[in-house]
Amino acid sequence: MKYRNKKITYDGITFDSRLEMNRYCELKLLERAKKITGLELQKEYILIPPQYEKSAEGKKTRGRCIERAVKYIADFAYIDEYGQTVVEDTKGVKTKDYIIKRKLMLYIHGIRIHEIS
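Take any residue in the sequence shown, count from 1 to its spot, add 917: that is its number in the numbering used here.
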């Protein structure tokens, strides 16, 4: 278990924390009120694509994967009432990995992560 959070199940979905579950409930209410649309949980963003060996000349297949993709998985993503994509992460502890991924999200995708704590 990461950072002493207790997993909790609600509405058939297992959340990493009570904070994340509570935010989900708030977002579902906003979605029902038509304030947001397209609510997605655990949306994946590629920050650095996988790296492959060069294949033999003339072959149509890639070589073997030598580095897997670096991904950021958002707790929530949705479209707000202004048509903007919003990405949210419920955070207790901001790890070094998270801070780097947050910066890459802004640099690569132009998306600023809204942190809920």
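Note that CB positions come from ideal geometry on N, CA and C, so glycine has one too.
Using only alpha-carbon positions, find the residue among the options that is nearest to residue i.
i, options, result
"E970", "K1013, K960 and E984", "E984"
"V987", "D997, P966 and T1007", "P966"
"E1032", "I1025, D992 and L1021", "D992"
"T954", "R1019, R1029, V1004 and I1016", "V1004"
"G1000", "L936, K924, L956 and E943", "L956"
"H1026", "Q968, Y989 and K924", "Y989"
From which residue to which residue does the beta strand (DSSP E) around residue i run?
i, result
"I1025", "Counting along the chain, I1025 falls outside any beta strand (DSSP E), and DSSP gives it neither H nor E."
"E1005", "T1002 to T1007"
"D992", "V987 to I996"
"Y927", "I925 to Y927"
May I have the straight-line CA-CA distance separating residue i from residue j, to the nearest angstrom?
i, j, result
"T926", "K1011", "23 Å"
"M918", "K952", "Because the pLDDT at M918 is just 42, under 50, the model does not fix this residue reliably, and the value given afterwards should be weighed accordingly. C-alpha separation (whole angstroms): 34 Å."
"L1023", "K1008", "17 Å"
"G929", "M938", "11 Å"
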